[in-house]
Amino acid sequence: YTEFLAATLEAHGRIVEETLADAFDRMDSDDTGFISVQNLRDFLGKDSSEEKVIKLMKEADLDGDGRISFEEFLTSFRNTQKIAHRGLIMDDDDSSIE
712 YTEFLAATLE AHGRIVEETL ADAFDRMDSD DTGFISVQNL RDFLGKDSSE
762 EKVIKLMKEA DLDGDGRISF EEFLTSFRNT QKIAHRGLIM DDDDSSIE
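Residues in the sequence shown are numbered consecutively from 712, following the working numbering.
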């Protein structure tokens, strides 16, 4: 059973990473291997403010080179997932107090 769980989790991790690679490729519309500020603008569309574009770039551009690599993209996604998970745990803790 443990081997089955390990294999399932490993397969799930590969699927998530492949999905993220597809999303990254869509955002990297000029095929440079990086997401630029212009790529973000194009992806988010006219309705997104310049402030939002800059904020997203600052959050994901971990090395400060003005572009987002796939590794930075993965790290940002994982960090967002951890924050969301912590929020769910905190919400569960809060509901048990009532």
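Where is the CB? At the ideal position from N, CA and C, for every residue including glycine. Only a predicted model underlies this, so the values are computations on that prediction, with no experimental measurement involved.
Query                                                                                 : Result
In whole angstroms, give me the CA-to-CA distance for D736 and G744.                  : 8 angstroms
S747 and A771 - do their beta-carbons sit closer together than 7 angstroms?           : no
Taking R778 as the reference, which of T791, D741, K757 has the closest Cα?           : D741
Going straight from the alpha carbon of E714 to that of V727, what length do you get? : 20 angstroms
How is the alpha helix (DSSP H) around F754 delimited, first residue to last?         : 748-755
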